[in-house]
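Student: Right, I'll just put the structure down here and ask away after.
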Amino acid sequence: MKELKVSAIQKGTVIDHIPSGKGLKVLEILNLPEDSTILIAVNVRSEKLGKKDIIKVEGKILSEDEVNKIALIAPTATVNIIDKWEVVEKKNVEVPDEIIGIIKCANPNCITHYEKVKPKFKVISKKPLKLKCHYCERTMEEEIIAKNLL
Amino acid sequence: MRFQDVISINDFEKDDIEYVLKTAELLERELKEKGTLQYAKGKVLATLFFEPSTRTRLSFESAMHRLGGSVIGFAEASATSVKKGESLMDTIRTVENYADVIVIRHPKEGAARLAAEVAKIPVINAGDGANQHPTQTLLDLYTIKKEFGKIDGLKIALLGDLKYGRTVHSLAKALSYYNVKLYFVAPQGLEMPRHIVEEISDKVDIVETSSLESIIPEIDVLYATRIQKERFPDPAEYNKIKGSYRVDPKILEGAKETLKIMHPLPRVDEISYEVDKTRYSAYFRQVWSGVPVRMALLGIVLGVIE
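If you're matching them up, the sequences are chains A and B in order.
Read in order, the letters of the first sequence are residues 884 to 1033 in my numbering.
Read in order, the letters of the second sequence are residues 5 to 310 in my numbering.
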């Protein structure tokens, strides 16, 4: 099977090396505008991962926040910025030390559910991913984190 | 000033704890010599108790008065604009105009941290839901230090509901800074959470057991907590467990003569009244410890005590 060409869009972002099966979840959390042109490839052969998903978003450069969101559910992903059909920038997603405003706290009694404040988490472990709420001090693990993305 | 707010025991290093305990000791001595002190003269404490806690509130109020300051505040949210829908952040922004320091108790976890971020004046956490009650931990440590003249070298048992009790969580964490041996004594299903055991097990020796009888001859401190009836879906199961953790003269027969029993109070029936008059009971002296410790904390965050 011929390898898919990463930069097969004119301008935009390609999110490569998404763990197989996580592509649709990545798409969901990016919450892109309805009229976005998106190409998604699922279960593509990958030397690095065995199988992977790929998402190509035409005409959009992902923000830092959006890249950070991807890191939380697809830590192996790479983000390629495309211009004139070429990869002009390539970066690995990385879980930051602090995560603000992109996940809600899983503790229903946390003050962040009742006040107009951005939920804030300290990353206490990157592998496996473990976050601690800055406010209520509860910890959240990978499975719970994915369910609480804003 | 070493810290501006008192929100979580997790924010404290051992040096900070020692600093508070030392300051409390000096203040207690000075208080005995001079009566009411004047360190906080002209300063106002606002006690914002969004849920009732008479003991903690009175202890803070007593501490502020004994520092020569004054107190304003409320004892329950229903008497405030919260009932009209005011946010916590707006309450804090309002109250900070009337006071120099805020003590807050709130049913939601993380409320004290948020209040401290919003307020321009110092904030002390007097309990935020099931999360933290750092001043209780500091007064517990102060009590142990007063009873034994030290914390290092002691064998300390935490007894009761170790799963849900925030007091024992914070105390276990704070004690892990010291050279102690800890015994976690809990009925099945109410054991100390694994993440706490894992967090401190490389610093202190830990024994986990459900048998108080087996460890009572070894320990120096028995820190008893209430097993909360409401945690049990089956009342019969609760009745069975509460009986097994009753500290009475019989179970104390094998104890060291120097054993001290502590309890954050209120007690229900986990310590029999017969124990009150024995040499073992330290729980009412523990209540007094709240005053010098809270005086120290108020003085430090106000910047009036170095």
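In this text, a Cβ means the ideal position worked out from N, Cα and C, and glycines have one as well.
Predicted, not measured: the structure shown is a model, and the values here were computed from it.
Pull out every residue of the region 100-113 of chain B whose Cβ sits closer than 8 Å to any Cβ of chain A, in chain order.
Tutor: Residues passing the 8 Å Cβ filter: H110, P111, K112 and E113.
Student: If you count every other CB in all the chains shown that lies within 10 Å of the CB of M5 of chain B, and 16 or more means buried, which is it?
Tutor: The predicted position of M5 of chain B is uncertain, since its pLDDT is 43 and thus under 50; a value taken from the coordinates is nonetheless stated next. Classification for M5 of chain B: exposed.
Student: Buried or exposed for L1033 of chain A, please, with buried defined as at least 16 other CB atoms from any protein chain shown within 10 angstroms of its CB.
Tutor: L1033 of chain A comes out exposed.
Student: L913 of chain A: buried (16+ other C-beta within 10 angstroms of its C-beta) or exposed?
Tutor: Its Cβ being crowded by 16 or more others within 10 Å, L913 of chain A is buried.
Student: Counting only Cβ pairs nearer than 9 Å, list the residues of chain A close to R117 of chain B.
Tutor: Those within 9 Å of R117 of chain B in chain A are I994, H1017, Y1018, C1019 and E1020.
Student: Does the contact criterion of 3 or more C-beta pairs under 8 Å hold for the region 114-131 of chain B versus the region 143-151 of chain B?
Tutor: With the cut-off at 8 Å, the region 114-131 of chain B and the region 143-151 of chain B do not touch.
Student: Just checking: is the beta-carbon of Q136 of chain B within a distance shorter than 8 Å of some beta-carbon in chain A?
Tutor: Answer yes: the Cβ-Cβ gap between Q136 of chain B and chain A drops below 8 Å somewhere.
Student: Name the DSSP beta bridge partners of M266 of chain B, please?
Tutor: BP columns for M266 of chain B point to B:Y227.
Student: Less than 8 Å between the C-beta atoms of I11 of chain B and N129 of chain B, yes or no?
Tutor: Going by C-beta atoms, I11 of chain B is nearer than 8 Å to N129 of chain B.
Student: Check the Cβ-Cβ distances between N990 of chain A and every residue of chain B, and say whether any is below 8 Å.
Tutor: Yes, contact with chain B.
Student: Closest by CA to A120 of chain B, which one among B:S63, B:V99 and B:A134?
Tutor: Ranking the options by Cα distance to A120 of chain B, first place goes to B:V99.
Student: Report the rounded CA-to-CA distance for R198 of chain B versus Y168 of chain B, giving the unit in angstroms.
Tutor: Distance between the alpha carbons of R198 of chain B and Y168 of chain B: 12 Å.
Student: Note down, in chain order, every chain B residue with its Cβ under 9 Å from the Cβ of E972 of chain A.
Tutor: None at all; the shortest Cβ gap to chain B is about 35 Å.
Student: Return no unless some Cβ of chain B is closer than 8 Å to the Cβ of E1025 of chain A.
Tutor: Not an interface residue.
Student: Along the region 906-932 of chain A, what residues have a CB closer than 8 Å to any CB found in chain B?
Tutor: Listed by position along the chain: nothing, the set is empty.
Student: Quick check on DSSP: helix, strand or coil for L194 of chain B?
Tutor: In the structure shown, L194 of chain B sits in coil (DSSP, three-state: anything other than H, G, I, E or B).
Student: Please list the residues of the region 199-225 of chain B that have a C-beta atom closer than 8 Å to any C-beta atom in chain A, keeping them in chain order.
Tutor: Cβ contacts with chain A come from H199.
Student: How many angstroms separate the CA atom of Q42 of chain B from the CA atom of M299 of chain B?
Tutor: Their Cα atoms are separated by approximately 11 Å.
Student: Beta carbons nearer than 9 Å to chain A: which residues of the region 11-35 of chain B have them?
Tutor: Result list: S12 and N14.
Student: The beta strand (DSSP E) with I937 of chain A in it runs from where to where?
Tutor: Start and end: G933 to E941.
Student: Suppose you measure from the CA of W968 of chain A to the CA of I944 of chain A; what does that come to, to the nearest Å?
Tutor: Approximately 14 Å, taken between the alpha carbons.
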